[in-house]
Amino acid sequence: MRIAFLSSSTGWGGLERNLIRYAQWMAECGHEVEVNCVQGSPLAESASATTLNIRHIPRQHRHLPFTAARRLRRHLEHTQTDIVWIRDPRDLPLCSRAIRNSGADLVFHQGMQISQPKTKRWHRVRYKHVSRWIAPLHHLRDEALANTPLRPEQVEVIPLALEANWFSTPKSPEARAMWSLPVDAKIVGLFGRIDPLKGHDTLIRALAEAAPEWHALIVGENTPNAGQDYRTECQKLAESLGVTDRVHWHPPTEELLSAYDACDAYAMCSTSETFGMVTIEALARSVPVVGTDAGGTPELLGHGTHGTLFKPGDWKALADALKRLDALPIAGGTHVQHFTKEHALKRWSKTLAAIRASAS
53 MRIAFLSSST
63 GWGGLERNLI
73 RYAQWMAECG
83 HEVEVNCVQG
93 SPLAESASAT
103 TLNIRHIPRQ
113 HRHLPFTAAR
123 RLRRHLEHTQ
133 TDIVWIRDPR
143 DLPLCSRAIR
153 NSGADLVFHQ
163 GMQISQPKTK
173 RWHRVRYKHV
183 SRWIAPLHHL
193 RDEALANTPL
203 RPEQVEVIPL
213 ALEANWFSTP
223 KSPEARAMWS
233 LPVDAKIVGL
243 FGRIDPLKGH
253 DTLIRALAEA
263 APEWHALIVG
273 ENTPNAGQDY
283 RTECQKLAES
293 LGVTDRVHWH
303 PPTEELLSAY
313 DACDAYAMCS
323 TSETFGMVTI
333 EALARSVPVV
343 GTDAGGTPEL
353 LGHGTHGTLF
363 KPGDWKALAD
373 ALKRLDALPI
383 AGGTHVQHFT
393 KEHALKRWSK
403 TLAAIRASAS
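For the working numbering, count along the sequence shown from 1 and bump the result up by 52.
Rendered as structure tokens:
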């Protein structure tokens with residue numbers, strides 16, 4: 053099957069990271085894969101480090117992309133593309149127009165919540181041309197059906213997944229030393245963008261309330277171009293609460309497996325996370341997760357069966373959870389297996405085959 057992944061994004065977050073990850077996985081499965089991306093973008097740079105075919109596209113206008121759609125349709129027809137795979141809603145106007153009469157099917161791999169209804173006439177036209185809308189969680193599927201013109205038969209749930217090494221690699225006994233952490237402390241982690249929506253201040257306040265042996269490992273950097281130095285704000289908060297020496301800051305890195313191994317617990321403090329990759333990474337490393345009861349986190353944690361939930365911003369509840377570390381639930385193997393690459397690829401293989409069978 054020939055699959056064209058497309059993103060006009062110039063950012064670098066979960067949408068883009070998972071797009072390139074799945075492009076590589078589809079290539080490993082034997083599909084002929086092409087990545088359409090903006091030249092000079094982080095996605096293009098990441099794709100250039102792989103063996104994937106790359107086609108550069110302009111960052112087109114979000115609305116009424118008529119010229120770009122005609123250009124893309126000619127390319128799809130010329131290359132006899134079977135599937136166009138997108139993740140960013142801003143690419144839906146372009147691709148829903150381009151695939152018409154091209155012989156290709158459009159797959160939308162959801163990565164963002166849909167909080168506002170999409171009920172305009174042009175929404176109906178765009179969503180009609182989506183062959184399959186893949187939601188990573190059931191609550192996102194329900195939200196998509198409630199707020200868009202999508203029909204139930206168009207929507208399927210396939211969780212995002214991780215490489216096998218996340219589940220199979222033995223825990224590193226040197227993890228604490230690798231991250232310069234005290235050996236005798238209890239460590240709670242929080243990794244990713246440092247942003248007010250991610251709730252780092254909640255963790256720092258909880259740390260001040262928890263037992264003094266608790267330390268926090270924070271890995272990440274401020275959200276680029278956000279116009280706010282939230283990290284400095286959090287550092288000042290830690291100083292005012294007297295926990296500066298218990299908060300360990302590290303710059304972002306792609307090599308986080310050992311960071312989870314250094315932790316006794318992981319705190320998902322986001323106001324509302326669509327699908328926290330860090331949550332399933334912690335689950336894969338058998339680290340107890342204490343997460344906010346918002347967004348996709350409750351479903352990832354089995355609504356409290358495979359993790360502990362607290363209200364966003366409730367630092368006292370987070371502190372209370374840390375105080376009873378030994379009682380925190382840890383996700384079992386059956387639940388965690390849903391997030392393995394092997395499980396995901398089996399589901400995707402059946403779905404893609406069914407899409408093309410319907411087209412023929």
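Note that beta-carbon positions come from the ideal geometry of N, C-alpha and C, so glycine has one too. Note that the structure is predicted; figures quoted are calculated from it, not measured.
> Looking at the structure shown, is L37 part of a helix, part of a strand, or coil, going by DSSP?
Replying inline: No statement about residue 37 is possible, as the shown extent of the chain runs from 53 to 412 and does not include it.
>> Can you give me the C-alpha to C-alpha distance between G294 and A260, rounded to a whole angstrom?
In response: For G294 and A260, the distance between alpha carbons rounds to 7 Å.
> Whose C-beta lies closer than 7 Å to the C-beta of E68 among residues of the same chain, with five residues either side of it excluded?
Replying inline: Cβ within range, chain order: S59, S61, P94 and L95.
> Would you say the beta carbon of Y318 comes nearer than 7 Å to a heavy atom of the ligand SAM?
Replying inline: What this structure holds is no ligand at all, so the ligand SAM is not there to describe.
>> Does W50 pass the burial test, meaning 16 or more other C-beta atoms within 10 Å, or should it be called exposed?
In response: One cannot answer for residue 50 here, as it falls past the ends of the chain, which runs 53 to 412.
> Nearest-angstrom Cα distance between R125 and Q132?
Replying inline: Straight-line Cα distance between these residues: approximately 10 Å.
>> Assuming W185 is part of the beta strand (DSSP E), what are its boundary residues?
In response: W185 -> beta strand (DSSP E) spans R184 to A187.
>> Distance check for W137 and E351, CA to CA, integer angstroms please.
In response: For the pair E351 and W137, the Cα-to-Cα distance works out to about 25 Å.
>> Within 10 Å of its beta-carbon, does S292 have 16 or more other beta-carbons around it, so buried, or fewer, so exposed?
In response: Classification for S292: exposed.
> By Cβ distance, which residues of its chain are closer than 8 Å to T275, with the 5 residues on each side in sequence left out?
Replying inline: Taking C-beta separations shorter than 8 Å and ignoring five residues to either side along the sequence, the partners of T275 in its chain run R245, I246, D247 and Y282, following chain order.
>> If you reduce the DSSP assignment to three classes, tell me which class T119 lands in.
In response: T119 falls in the helix class under three-state DSSP.
> At which residue ranges does the segment 329–369 contain complete alpha helix (DSSP H) runs of 4 or more residues, listed in the order of the chain?
Replying inline: If we require 4 residues or more, the alpha helix (DSSP H) runs fully inside the segment 329–369 come out as 329–336 and 349–352.
> If you draw a straight line from the alpha carbon of L335 to that of F243, how long is it in whole angstroms?
Replying inline: Taken atom to atom, the span from the alpha-carbon of L335 to that of F243 is near 14 Å.
>> Rounded to whole angstroms, what is the Cα-Cα separation between P340 and C286?
In response: Cα to Cα, the separation comes out at about 24 Å.
> Which residues bound the alpha helix (DSSP H) around K238?
Replying inline: Annotation: K238 is outside any alpha helix (DSSP H); the continuous beta strand (DSSP E) that includes it extends over K238 to F243.
> Considering N217, what are the terminal residues of the alpha helix (DSSP H) in which it resides?
Replying inline: Run containing N217: N217 to S220, per the alpha helix (DSSP H) assignment.
>> According to DSSP, simplified to helix, strand and coil, what is L255?
In response: In this structure, L255 counts as helix in the three-state DSSP scheme.
>> Please state whether the Cβ-Cβ distance between R184 and V159 is less than 8 Å.
In response: In terms of Cβ geometry, R184 and V159 form a close pair [threshold 8 Å].
> Can you tell me the Cα-Cα spacing of I166 and P188, whole angstroms?
Replying inline: Taking the straight line joining both Cα atoms gives about 13 Å.
> Distance, Cα to Cα, H390 vs I72?
Replying inline: Cα atoms of H390 and I72: separation of roughly 20 Å, rounded to the nearest angstrom.
> Which residues in the same chain have their Cβ closer than 6 Å to the Cβ of E362, if we skip the five residues on either side of it in sequence?
Replying inline: Here the sequence assigns Phe to residue 362, which means Glu is not the residue at that position. The answer, listed in chain order, is A369 and L370.
> To which residues of the same chain is A346 closer than 7 Å at the C-beta, ignoring the five residues directly before and after it?
Replying inline: Here the set comprises T323, S324 and P364.
> Is it right to say V235 is buried, meaning 16 or more other beta carbons lie within 10 angstroms of its own, or is it exposed?
Replying inline: In summary, V235 is exposed, with fewer than 16 beta-carbon neighbours lying within 10 Å of its beta-carbon over all protein chains present.
> What are the residues that DSSP puts in a beta bridge with W64?
Replying inline: Partner(s): none; W64 has no beta bridge.
>> Quick check: what's the CA-CA separation for G63 versus E307?
In response: Looking at the backbone, the Cα of G63 and that of E307 are separated by about 20 Å.
> Which parts of the segment 139–198 are runs of the beta strand (DSSP E), unbroken and 3 residues or longer, counting only runs that do not cross its ends?
Replying inline: Within the segment 139–198, the complete beta strand (DSSP E) runs of at least 3 residues are 157–161 and 184–187.
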